[in-house]
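Enquirer:
Residue numbers (the working numbering): 5 to 183.
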């Protein structure tokens with residue numbers, strides 16, 4: 005049995021969880037999230053806790069046990085606190101700015117790259133080189149951050165590009181001149 009899946013999920017104040025079979029809907033101050041969990045697990049609400057348990061001892065059911073518990077826990081955390089990913093832009097002339105809702109990134113191309121966030125995700129920029137992607141859905145926030153990083157991934161020779169906060173870039177030695 006999954007060690008992660010065994011742990012019950014505490015429901016904080018101001019958060020409501022409604023269950024309809026495998027469909028889970030979580031409402032809180034940051035928004036509302038809903039998801040249909042995979043087959044092989046059952047979800048129950050016990051007071052101020054949500055408990056996810058496998059329906060059988062088959063391998064599929066055990067595999068999905070921890071996954072389902074983590075998905076529900078991320079939904080509860082997202083609607084109560086939200087998730088944020090920070091990206092750092094490194095390079096001369098590389099910068100970002102927010103125009104309305106969309107993010108405009110200048111990353112060494114002949115044109116600025118514009119990104120429109122999906123519903124529930126917001127972009128913010130600090131000092132033209134720090135981009136914050138935030139929202140209640142962890143998966144959506146991570147995907148949008150990966151798309152921004154994909155505009156200009158960090159390169160190993162000079163370290164220029166867009167990277168996650170705290171990401172270490174493995175640097176390579178450049179060419180050596182003739183001797």
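The C-beta atom is built at its ideal place from N, Cα and C for all residues, glycine as well.
None of these values were measured; they are calculated from a predicted model.
Hey, how far is the Cα of residue 18 from the Cα of residue 81?
Expert: Residue numbering aside, residue 18 sits at position 14 when the chain shown is read from its first letter. Residue numbering aside, residue 81 sits at position 77 when the chain shown is read from its first letter. If you take the alpha carbons of residue 18 and residue 81, they lie about 12 Å apart.
Enquirer: Which residue or residues does DSSP assign as beta-bridge partners of residue 31?
Expert: Counting from one through the chain shown, the residue named residue 31 turns up at place 27. Looking at the DSSP assignment, residue 31 forms a beta bridge with 20, 36.
Enquirer: Is the separation between the beta-carbon of residue 200 and that of residue 166 shorter than 8 Å?
Expert: Only positions 5 to 183 of the chain appear in the structure, and residue 200 is not among them; the question remains open.
Enquirer: Are the region 85 to 94 and the region 132 to 140 touching, with three or more C-beta to C-beta distances below 8 Å?
Expert: Result yes; three or more Cβ-Cβ pairs closer than 8 Å.
Enquirer: Give the single residue among 50, 44, 75 whose Cα lies nearest to the Cα of residue 28.
Expert: Walking along the chain shown from the start, residue 28 turns up at place 24. The shortest Cα separation from residue 28 among 50, 44, 75 belongs to 75.
Enquirer: What span of residues does the beta strand (DSSP E) with residue 151 cover, start to end?
Expert: Within the chain shown, the letter at position 147 stands for residue 151. Looking at the DSSP string, residue 151 is not in any beta strand (DSSP E); the run it does join, the alpha helix (DSSP H), is 142 to 155.
Enquirer: Any chance the region 27 to 47 sits against the region 97 to 108, with 3 or more Cβ pairs inside 8 Å?
Expert: Touching, no, given that fewer than three Cβ pairs across the two stretches are closer than 8 Å.
Enquirer: With a floor of 3 residues, list each beta strand (DSSP E) that falls wholly inside the region 45 to 94, ordered by position along the chain.
Expert: Taking only runs of at least 3 residues, the beta strand (DSSP E) segments lying wholly in the region 45 to 94 are 45 to 50, 53 to 58, 87 to 94.
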